[in-house]
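Numbering (full-length UniProt numbering) for the sequence shown: 1 to 362. Yeah, the Cβ is synthetic: ideal placement off N, Cα and C, and Gly gets one too. This structure is a prediction, so every number in the text was calculated from the model and none was measured. Below: one structure, written as structure tokens.
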Amino acid sequence: MKRFISFGSIEQFRNIVKNIETTARYSGQDENGEPIFDEKIVLPKVIANISEKIHGTNASVCYGECDGFWVQSRKNIINVEEDNADCALKAYAHQEAWMKLIRNLAKSHKVDLNKQIVSLYYEWSGGNIQKKTALAGLDKRAMLFQHFKVSPLEPSLEDEKSAYWLETKIADEWVSAVEADIFNIMNFPTYEIEIDFEAPLLSQNKMIALVENEIEPSSPVGRKFGVEGNIGEGIVVTFMFEGNLYRFKVKGEKHAKRVKKLKVQQPIDTLKEQKKIDYINNYACRTWRLEQIYNEVFDVINGGVGDIKKMGQYLKAFHADVMKEEGDMLLELELESKEVNSLISKVARAYMLSRLDDEVSL
1 MKRFISFGSI EQFRNIVKNI ETTARYSGQD ENGEPIFDEK IVLPKVIANI SEKIHGTNAS
61 VCYGECDGFW VQSRKNIINV EEDNADCALK AYAHQEAWMK LIRNLAKSHK VDLNKQIVSL
121 YYEWSGGNIQ KKTALAGLDK RAMLFQHFKV SPLEPSLEDE KSAYWLETKI ADEWVSAVEA
181 DIFNIMNFPT YEIEIDFEAP LLSQNKMIAL VENEIEPSSP VGRKFGVEGN IGEGIVVTFM
241 FEGNLYRFKV KGEKHAKRVK KLKVQQPIDT LKEQKKIDYI NNYACRTWRL EQIYNEVFDV
301 INGGVGDIKK MGQYLKAFHA DVMKEEGDML LELELESKEV NSLISKVARA YMLSRLDDEV
361 SL
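Below, the structure is given as structure tokens:
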């Protein structure tokens, strides 16, 4: 039976730093079963690959001999009748090309399609999927990611533990099918960076500089397709450590509609108040998140438009994403969600009203 196979989420750098520190310094359990961490262990240095983060919508094609071929959006199995920006329509039209890629990768990596499922994940982009970004104005196309997923045939609670990731590469060649508008992000400009987890902020500064100076001003991928001046969204950074794949994103702000940062109307008397303002501006209410949730709630890529009657739905979805992605920073800043909820709503509401005004004026 066909089943949805999740891509998962791309973490933020600070989460990766914590995960690596925990993994590298874990040295067993005490007599009570509690983990023991050796703080004297020197954290690793890794060489990470950097590719441009294309601004589109996450998609995948999946195949196993038992259940055949199917197409997915980020959250659902889709088909021609229930599609997402014509993604399934195009995938089924080029099913032969997709199947050739899947079978070639399975053969090269010794994946048994009778016992496992291959999922090729990609960014469905171009056309009007995301305006004024890397591939806007070009025909819709699939941009394969660096890694594909191999999952067990039968679903179980252990899916994520038994699933694993392999590179979309055969020998020295990153796979693609250009004639079917299937490209591979690794065939476009990529970068390498050494990340020293003993001093991660040094690497973070370099990655931010790369986004601001190389990616945002004019997408390198867009330029390869002959399009100058389209804004790049950011980067995806991947590396392996102790057999596990780690990936995180670094986004810029230029591609998103600008939203005014919260300003302090009167002098701040307490450190906590300043922390709340900093949390809103630097973490919770980044402009790319405001845009992303708006587009998801109102299905903008499929022609949807905002609706003032659904303000509550937008605010609820936005709050949920903030808590999922930035909840750890609340703990670090010694804040509680109830202390920032009204500020989050204030910024998100202003953004939605601005978008609605823009749509009316088009």
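Asked, Found
"Going by DSSP, what residue range makes up the alpha helix (DSSP H) through T287?", "T287 to V297"
"Taking the straight line between their C-alpha atoms, what separation do you get for R103 and K169?", "12 Å"
"Taking the straight line between their C-alpha atoms, what separation do you get for R74 and E123?", "10 Å"
"Tell me, please, which residues DSSP counts as bridged to residue 451.", "Any answer about residue 451 is impossible in this case: the structure gives the chain only from 1 up to 362."
"Under the assumption that R3 contacts P152 (Cβ atoms under 8 Å), give the Cβ distance between them as a whole number of angstroms.", "Not confirmed; about 11 Å, so no contact."
"For Q146, count neighbouring C-beta atoms within 10 Å of its own C-beta (all shown protein chains included) and say buried if the count is 16 or more, exposed if not.", "buried"
"At which residues does the beta strand (DSSP E) containing E192 begin and terminate?", "T190 to D196"
"Between A91 and the rest of its own chain, which residues show a CB-CB distance below 7 Å, the 5 nearest in sequence each way excluded?", "V61, V71 and W98"
"Which residues bound the beta strand (DSSP E) around V46?", "K45 to K53"
"How far does the beta strand (DSSP E) with R247 in it extend, from its first residue to its last?", "N244 to K251"
"Would you mind reading off the limits of the alpha helix (DSSP H) that contains K275?", "L271 to Y279"
"Buried or exposed: T41, going by 16 or more other Cβ atoms within 10 Å of its Cβ?", "Residue identity differs from the one stated: residue 41 is Ile in this sequence, not Thr. That one is exposed."
"Can you say whether G306 is buried or exposed, counting buried as having 16 or more other CB atoms within 10 angstroms of its CB?", "buried"
"Cutting at 6 Å between CB atoms, please list the residues of its own chain near E214, excluding the five before and the five after it.", "none"
"Measure the C-alpha to C-alpha separation of L201 and I20 and round it to an integer number of angstroms.", "14 Å"
"Could you tell me the alpha carbon to alpha carbon distance between V118 and G64, rounded to whole angstroms?", "7 Å"
"Alpha carbon to alpha carbon, what distance is there between E332 and V340?", "14 Å"
"Counting along the chain, where does the beta strand (DSSP E) carrying G4 start and finish?", "Looking at the sequence shown, residue 4 is not Gly but Phe. That residue, F4, is in no beta strand (DSSP E); it is neither H nor E in DSSP."
"Could you give the distance in angstroms between the alpha-carbon of N282 and the alpha-carbon of A85?", "32 Å"
"Which residues does DSSP list as the beta-bridge partners of S151?", "I117"
"Under DSSP, the beta strand (DSSP E) around residue 437 begins and ends at which residues?", "Outside the shown range of the chain (1 to 362) lies residue 437, about which nothing can therefore be said."
"What did DSSP end up calling F145 once you bin it into helix, strand or coil?", "coil"
"Is the beta carbon of L135 closer than 8 Å to that of residue 403?", "Any question about residue 403 goes unanswered here, given that the chain covers just 1 to 362."
"Locate the beta strand (DSSP E) running through L166, then write down its first and last residues.", "Y164 to E167"
"Using a Cβ-Cβ cutoff of less than 8 Å, which residues in the same chain neighbour L335 once the five nearest sequence positions on both sides are dropped?", "K272, K275, K276 and Y279"
"Beta carbon of F183, beta carbon of L144: below 8 Å?", "yes"
"Could you give the distance in angstroms between the alpha-carbon of D321 and the alpha-carbon of R25?", "30 Å"
"I16 and Y246: beta carbons closer than 8 Å?", "yes"
"For E296 and N230, what's the separation of their Cα atoms in angstroms?", "22 Å"
"Quick check on R177: does DSSP put it in helix, strand or coil?", "In the sequence as presented, Arg is not what sits at residue 177; that position holds Ala. The answer is strand: DSSP assigns A177 an E or B state."
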